[in-house]
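Below is one structure, written out as structure tokens; the observations come after it.
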Amino acid sequence: MAGWPALSASSRWLEDATICENDNVKETIRRLPENLYNDRVFCIERALDLSMRQQILPKKQWTKYEEDKFYLEPYLKAVIRGRKEREEWARK
């Protein structure tokens, strides 16, 4: 059970990868820089592959706590802010 905190702490990438895809999230994903988009796709594909084979990601490949972050958050905030601004302009 000692590995569980490390596993749960390294799940932010997966958390962002599995976020409910509403219109804001879809637009955010569309706007992601290519390297982040490719990392997202790789993470999802790797998780699906490991799940199908009923395996766990080797500990050496776990995301380090210091490197772990919610990568969609700043882009999602910008999309939501832009959508709200457009709605404000449309009401005027």
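Counting in the working numbering, the sequence shown runs without a single skipped number right up to 108 at its last residue.
Each residue gets a CB set at the ideal place from its N, CA and C atoms; glycine is no exception.
Since the structure is predicted, the reported quantities are computational estimates derived from the model, not experimental observations.
A Cβ-Cβ distance of about 7 Å is found for the pair Asn-40 and Arg-99, placing them in contact under the 8 Å criterion. Using a Cβ distance threshold of 8 Å, Tyr-81 and Leu-48 do not count as a contacting pair. Asp-84 sits in coil when the DSSP states are folded into three classes, being neither helix nor strand. Contact check for Leu-66 against Ile-60 fails: the beta carbons are separated by 8 Å or more. The C-beta distance from Val-95 to Glu-43 rounds to 5 Å, short enough to fall under 8 Å.
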